[in-house]
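Report on the following structure.
2 protein chains.
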Amino acid sequence: MEINIIDIAKNAKNAFLKTMDLKSEIKNQALENIAKKLTLREEKIFEANEKDLNNAEKLLSEGKINKAVFDRLKFDKTKMKSLIQGLYDLIKLDDPVNKILFERELDEDLILKKISTPIGVIGVIFEARPDCLIQIASLIIKSGNCAILKGGFEAMNTNKAFFEVLNEALNEIDGFPKNVINLVFSREDIQKILDLDEYISLIIPRGSNKLVKFIKENTKIPVLGHASGICHIFIDESADLDHTKEIVIDAKTQYPSACNAVETILIHKNYPHIDELKKALIETGIKIIEKPSSYSVEYGDKILSLKIVNSLDGAIEHINKYGSGHTDSILSNNNKNIEKFMNLVDSSSVFSNCSTRFSDGFRYGFGAEVGISTNKTHARGPVGLCGLTIYKYKLYGKNQTVKPYATGEKKFSHKDISV
Amino acid sequence: MEINIIDIAKNAKNAFLKTMDLKSEIKNQALENIAKKLTLREEKIFEANEKDLNNAEKLLSEGKINKAVFDRLKFDKTKMKSLIQGLYDLIKLDDPVNKILFERELDEDLILKKISTPIGVIGVIFEARPDCLIQIASLIIKSGNCAILKGGFEAMNTNKAFFEVLNEALNEIDGFPKNVINLVFSREDIQKILDLDEYISLIIPRGSNKLVKFIKENTKIPVLGHASGICHIFIDESADLDHTKEIVIDAKTQYPSACNAVETILIHKNYPHIDELKKALIETGIKIIEKPSSYSVEYGDKILSLKIVNSLDGAIEHINKYGSGHTDSILSNNNKNIEKFMNLVDSSSVFSNCSTRFSDGFRYGFGAEVGISTNKTHARGPVGLCGLTIYKYKLYGKNQTVKPYATGEKKFSHKDISV
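If you read the sequences in order, they're chains A and B. End of the first sequence sits at 444 in the numbering used here; the numbers just go up one at a time, nothing left out. End of the second sequence sits at 444 in the numbering used here; the numbers just go up one at a time, nothing left out.
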């Protein structure tokens with residue numbers, strides 16, 4: 026008998042009342058046991074993945090899924106190794122919860138502390154990549170949150186196998202609560218999750234732009250993610266040719282389907298090497314499109330939109346209009362222009378003289394990446410573990426009432442205490 | 026001819042591309058000039074307010090508005106004085122924008138900075154209190170954001186007068202952009218604002234619980250606020266009688282309609298002074314209700330729900346079930362119980378041995394208060410100016426590409442630079 030999703034959500038919310046105060050050691054023990062069980066049960070997981078791949082092959086031949094989905098579905102020894110390494114890396118990271126963010130004396134014996142806390146129940150909706158289940162579950166565990174996960178139907182067997190291993194590992198840890206990580210399967214569950222704003226505090230989509238867009242448009246719950254990655258490089262008149270070539274080629278071709286790959290280059294009209302640059306890009310196999318209709322397209326391929334702009338202001342205006350607020354870079358030797366670009370381009374990451382591909386939680390040194398957000402609230406840009414936290418205020422008193430402060434009999438001292 | 030709300034939103038978004046990098050001096054000059062103009066034009070404002078009061082008197086007698094709305098409408102010399110003082114206090118506060126939140130060397134000559142930035146266009150929907158317009162506009166200006174304000178129709182004349190004074194003041198400041206603060210009037214504009222997620226990044230409601238609830242239920246834009254304030258005091262078995270009386274009376278009667286006033290007291294069954302406490306509360310004119318149906322009611326009056334609980338766990342469970350995540354306090358002499366309560370009650374402010382009424386931005390020392398949030402993302406609890414900011418990542422390079430880091434030829438150093 027399948028359990029109702031509202032009951033799952035209620036159970037997860039109850040579990041949160043235990044995970045929010047869970048000791049770091051218990052959380053790390055859980056992560057370590059997951060790593061151990063994955064090694065122990067890897068044959069079971071590979072077998073399940075084999076089933077999914079066989080089913081997917083049929084779907085692929087019937088045109089029901091595309092090649093990219095099929096490719097992401099495969100889970101092999103190399104992926105297992107990096108998944109397990111990821112767990113050990115995560116164990117080493119600081120617990121993001123229960124950090125004192127500030128401490129202030131409001132008055133004698135009236136001490137205010139701002140403390141980081143987990144958020145609550147997080148809804149995670151992901152597509153074909155089955156290793157996503159363990160990755161996201163481990164981030165949820167480390168940050169003291171709970172989750173309802175909805176995996177792609179193509180990866181159902183692998184997901185089930187991962188989920189069994191996960192549960193086996195978590196059940197063995199003394200003091201680790203039940204119902205922290207929950208898995209649902211059916212397609213209808215997506216909309217149900219999106220409607221559960223009473224129980225779910227945050228939605229994390231991991232998948233195609235189409236999925237993210239659908240989710241953002243169909244829920245009142247805050248969504249952490251980005252629906253598209255239209256990244257720009259602006260080539261100022263002072264940029265040299267060699268580095269410009271190198272950086273544009275890296276940003277476009279090193280991994281063309283990444284969200285931080287460049288989609289459009291804007292070239293200052295007085296840049297002296299326009300033709301050489303175009304020639305060099307075309308020689309590397311990049312297709313260049315010079316049509317306004319391509320300004321909003323994320324090709325995810327070796328295709329580049331190109332526009333000649335009259336000025337730095339024109340470049341900034343273009344990016345703020347057509348960009349997705351993800352990552353934009355200026356190549357210039359003029360520091361004033363660099364600073365203006367970086368201040369006025371309203372994107373989560375603004376770069377100077379380097380490839381847009383650096384926009385990534387691991388490269389930023391966060392140790393783990395939850396995703397990249399183009400939101401204007403909560404978390405923006407590459408999001409590390411602390412994007413899965415919020416804070417609470419703790420006020421420690423000694424029988425104070427508000428009245429004497431309201432009448433002026435007593436005054437607040439408001440002295441910050443260094444932590 | 027009235028301007029279309031989408032055009033207003035577009036203009037505001039364009040204005041944001043200027044305010045996001047506005048110098049602190051210009052913002053402070055603008056605030057100072059608003060303060061000066063308010064003094065200069067106070068008669069005009071009082072006259073407009075007189076008109077609103079006359080209209081409201083009619084509405085009151087016809088039962089179309091209630092007494093509370095009528096009372097909040099009045100804007101007099103005392104309120105003017107405190108409004109102007111608020112502006113001068115705000116000028117003195119640190120600019121919340123352009124702060125370096127961290128700085129990290131990713132590798133030689135590849136420096137990452139996390140910088141605070143404003144959010145964008147903020148939609149503010151408020152009700153009868155007309156001074157709200159200047160208060161919120163000044164917070165928006167100080168934080169480098171832009172706003173579309175929608176005031177209550179009862180205060181329309183006062184709002185128009187304030188808005189004129191505001192515009193007069195802002196127009197006189199060299200370099201202060203146009204269209205930063207925008208005012209709309211009609212009731213239909215509320216839903217239009219809530220639908221403008223393409224342009225508006227945050228909604229701040231200032232008004233009744235009903236208004237906030239309506240807004241939260243009718244928009245996909247993040248809403249900063251709280252729909253209700255069901256605050257609790259748990260009286261542990263070790264609490265003494267005298268301080269308990271004082272604190273409960275303060276929390277209930279010092280300002281009963283405040284959102285941080287206590288609504289329910291939970292008393293440990295072994296607390297030795299249950300009857301004396303009840304008696305004392307009743308003698309102060311507090312009405313006590315001991316019915317489960319009142320657990321979710323915010324009376325905003327001298328009415329208190331009371332429940333005897335079997336244990337600390339029972340109290341925590343009750344609060345997490347019936348509370349609104351606003352502010353909850355434990356009165357106890359047992360430090361272990363205090364810590365357990367403060368860790369496991371999932372509210373934005375958790376107190377020990379003091380009145381719930383301390384939950385307030387000014388009392389916390391934030392200098393200005395945007396509102397109190399019960400959200401689990403972005404900003405929680407009393408929100409100061411920094412709740413109107415987010416951040417961006419700036420990466421300063423020297424022609425680096427990602428490729429050598431991907432192949433392992435180069436390694437990231439990830440050295441934090443102290444700021």
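Think of the CB as a built atom: it goes at the ideal place given N, C-alpha and C, for glycine as much as any other residue. Predicted model, so just to flag it, every value in this text is computed and none were measured.
C-beta contact flag for residue i and residue j at 8 Å
i	j	result
A/Lys294	A/Val287	no
B/Ala162	B/Leu191	yes
B/Gln160	B/Gly232	no
A/Lys52	A/Lys167	yes
B/Lys22	A/Ser377	Any answer about residue 22 of chain B is impossible in this case: the structure gives chain B only from 26 up to 444.
A/Ile147	A/Ile165	yes
B/Leu78	B/Lys99	yes
B/Phe383	A/Leu420	yes
A/Ala37	A/Ile246	no
B/Gly145	B/Leu47	no
Exposed unless 16 or more other CB atoms sit within 10 angstroms - verdict on residue i
i	result
A/Val444	exposed
A/Glu72	exposed
A/Glu308	exposed
A/Leu137	buried
A/Asp353	buried
A/Pro297	exposed
A/Asn29	exposed
A/Thr426	buried
A/Glu323	buried
A/Ile125	exposed
B/Ile442	exposed
A/Glu179	buried
A/Asn8	No information on residue 8 of chain A is available, as it lies outside the stretch 26 to 444 that chain A covers here.
Distance between residue j and residue i (C-alpha atoms, nearest Å)
i	j	result
A/Tyr320	A/Cys256	10 Å
B/Met26	B/Asp214	Residue confidence for B/Met26 is low, a pLDDT of 48 falling below 50, so the modelled location carries little weight; the figure read from the coordinates is stated next. If I take the Cα positions, the gap works out to 16 Å.
A/Cys411	B/Ala305	46 Å
A/Asn360	A/Ile260	14 Å
A/Tyr447	A/Leu291	Residue 447 of chain A is absent from the model: chain A starts at 26 and stops at 444.
B/Thr142	A/Gly350	13 Å
B/Ile31	B/Phe41	15 Å
A/Phe23	A/Gly176	No information on residue 23 of chain A is available, as it lies outside the stretch 26 to 444 that chain A covers here.
B/Cys341	B/Thr381	The displayed chain sequence assigns Ile, not Cys, to residue 341 of chain B. Rounded to whole angstroms, B/Ile341 to B/Thr381 spans 16 Å at the Cα level.
A/Glu344	A/Val370	At residue 344 of chain A the sequence reads Ile, which differs from the Glu that was named. Computed Cα separation, rounded: 7 Å.
A/Pro155	A/Ala60	16 Å
B/Ile465	B/Thr103	In the structure as shown, chain B starts at 26 and stops at 444, and residue 465 of chain B therefore has no counterpart that could be examined.
B/Gly310	B/Pro317	22 Å
A/Thr44	A/Cys157	21 Å
B/Lys435	B/Phe127	23 Å
A/Val237	A/Gly339	30 Å
B/Gly325	B/Cys284	8 Å
A/Ile355	A/Ser330	16 Å
B/Tyr452	B/Met105	For residue 452 of chain B there is no data in the structure shown, the boundaries of chain B being 26 and 444.
A/Gly422	B/Glu193	46 Å
A/Pro281	A/Ile328	9 Å
A/Asn335	A/His268	22 Å
B/Ile218	B/Glu242	14 Å
B/Glu68	B/Asp101	10 Å
B/Lys312	B/Ile274	12 Å
DSSP beta-bridge partners of residue i
i	result
A/Lys435	None; A/Lys435 has no bridge partner.
B/Leu420	A/Phe376, B/Leu137
B/Val408	B/Gly396
A/Ser354	A/Ile258, A/Phe376
A/Asp441	A/Arg129
A/Ser163	Partner(s): none; A/Ser163 has no beta bridge.
B/Phe151	B/Arg231
A/Leu329	A/Ile313
A/Val334	A/His293
B/Ile415	B/Thr142
B/Gln425	A/Cys379
What ranges does the alpha helix (DSSP H) occupy inside the segment 75 to 145 of chain B, keeping only unbroken runs of at least 4 residues that lie completely in it? Whole alpha helix (DSSP H) segments, 4+ residues: 92 to 98, 102 to 117.
Mind listing, in chain order, the continuous beta strand (DSSP E) runs of no fewer than 3 residues lying wholly within the segment 269 to 323 of chain B? 287 to 293, 312 to 314
Could you tell me which whole beta strand (DSSP E) segments of length 3 or greater appear in the segment 167 to 250 of chain A? 171 to 175, 206 to 209, 225 to 231
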